[in-house]
Amino acid sequence: MPSLNGSVVLVTGANGGIGTHFVHQALARGATKVYATARTPRTWDDKRIVPLTLDVTDPTSIREAVAAAPDVTVLINNAGTSTSSAGILTHTDEEIRANVETNFLGPLFLARAFAPILSSKDESAIIDIHSLLSWYAVAGIYSATKAALWSATNSLRLELAPQGVHVVGVHVGWVDTPMAAHSTDPKTDPADLVRIVFDAVEAGEYEVLADEATVQVKAGLSAPVEALYPQLKATDA
3 MPSLNGSVVL VTGANGGIGT HFVHQALARG ATKVYATART PRTWDDKRIV PLTLDVTDPT
63 SIREAVAAAP DVTVLINNAG TSTSSAGILT HTDEEIRANV ETNFLGPLFL ARAFAPILSS
123 KDESAIIDIH SLLSWYAVAG IYSATKAALW SATNSLRLEL APQGVHVVGV HVGWVDTPMA
183 AHSTDPKTDP ADLVRIVFDA VEAGEYEVLA DEATVQVKAG LSAPVEALYP QLKATDA
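So in the numbering used here, spot 204 of the sequence shown is number 206, and the numbers just go up one at a time.
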């Protein structure tokens, strides 16, 4: 099973709250190098951290990242975007396209681009950050793209397992980052989330349910749809 010790990690969205913890905790667990990617990379104070420009929505940028990081053993698809409004009928065209390109197509195309590199390694992994909202469609296009990424992760897992690439999907509710600043609901500390994810990777697990809310929502998927969305009962009344 994959180990962070001796690994070479690439993190998308490394400048953000979760991404920064992925960078530091990977090193703490023995990674020899971390490619910290972002559209505008920041400066880091550790020679083991390699800032790398990457726009996950740009095919040329993805190709350049693959060429610049041929030694990657762990790919972490962490970058994401959201919208300010929840209604899928009220999103602008630009919001819909940005979410699809960043939250779904970006991680999928990155996984496809790095698959030959990862398949050539003895131990390798892909970590995709989904969301509780993959299973709970109350966030419009954001929920839809995270659901699509969940499905793609399942496909990647099946296709890459015979090649020795371990694919992990992560589901979590609110995380205490600027993206969730508007919410007053309980939030997971990003450091705790990353620790849970890395523990799961090194234990050989395929799926991470990082908080109780996510556990409850997944359990509810087997119930009638009205149980998951009680507002439908009010509509029918």
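Every residue, glycine too, gets a C-beta built ideally from N, C-alpha and C.
Asked: Could you tell me which residues DSSP pairs with P53 in its beta bridges?; Found: A38
Asked: Going along the chain, which residues of its own chain have a beta-carbon closer than 8 Å to the beta-carbon of K220, five neighbours each way excluded?; Found: W137, H173, L211
Asked: List the whole-angstrom C-beta distance separating F116 from V68, where the pair is believed to meet the contact cut-off of C-beta under 8 Å.; Found: 6 Å
Asked: Whole-angstrom Cβ separation of N105 and L151, contact assumed at under 8 Å?; Found: 6 Å
Asked: Report back the beta-carbon spacing between V76 and P4 to the nearest angstrom; my notes put them in contact at under 8 Å.; Found: 7 Å
Asked: Alpha carbon to alpha carbon, how far is Y144 from I131?; Found: 13 Å
Asked: Could you give the DSSP three-state label for S126: helix, strand or coil?; Found: strand
Asked: For S126, which residues of its own chain have a beta-carbon under 6 Å away from its beta-carbon, when the five flanking residues on both sides are left out?; Found: T75, L120, V167
Asked: By how many angstroms is the C-alpha of D95 removed from the C-alpha of V169?; Found: 32 Å
Asked: Since I believe T62 is in contact with V102 (beta carbons under 8 Å), could you give me their beta-carbon distance rounded to a whole number of angstroms?; Found: With a Cβ gap of about 19 Å, V102 and T62 do not count as contacting.
Asked: Nearest to V177 by alpha carbon, out of L230, L160, T39, T216?; Found: T216
Asked: Label T45 either buried or exposed according to how many other C-beta atoms from any shown protein chain fall within 10 Å of its C-beta, with 16 as the threshold for buried.; Found: exposed
Asked: In chain order, what residues of the same chain have a beta carbon less than 6 Å from the beta carbon of A139, not counting five sequence neighbours either side?; Found: S145
Asked: Given that a residue counts as buried once 16 or more other Cβ atoms are within 10 Å of its Cβ, and exposed if not, what is E97?; Found: buried
Asked: With DSSP as the reference, please indicate the residues paired to N79 in a beta bridge.; Found: D130
Asked: So, does the segment 190–197 touch the segment 17–35, judging by three or more C-beta pairs under 8 Å?; Found: yes
Asked: Mind checking who G171 pairs with in its DSSP beta bridge?; Found: D130, E209
Asked: Report the rounded CA-to-CA distance for G222 versus L230, giving the unit in angstroms.; Found: 6 Å
Asked: Please return the same chain residues whose Cβ sits closer than 7 Å to the Cβ of A100, not counting the five positions on each side in sequence.; Found: T83
Asked: Am I right that A113 and I128 are in contact with their C-beta atoms under 8 Å? What's the rounded C-beta distance?; Found: 5 Å
Asked: In chain order, what residues of the same chain have a beta carbon less than 8 Å from the beta carbon of L234, not counting five sequence neighbours either side?; Found: V227, E228
Asked: If I measure Cβ to Cβ from Q165 and keep anything under 7 Å in the same chain, skipping five residues before and after, which residues do I get?; Found: S121
Asked: Could you tell me whether the Cβ atoms of G108 and T59 are closer together than 8 Å?; Found: yes
Asked: If we call anything under 8 Å between Cβ atoms a contact, is T2 one with V13?; Found: Lying outside 3 to 239, the shown extent of the chain, residue 2 is not represented and no answer is given.
Asked: Classify T155: buried if its beta carbon has 16 or more other beta carbons within 10 angstroms, exposed otherwise.; Found: buried
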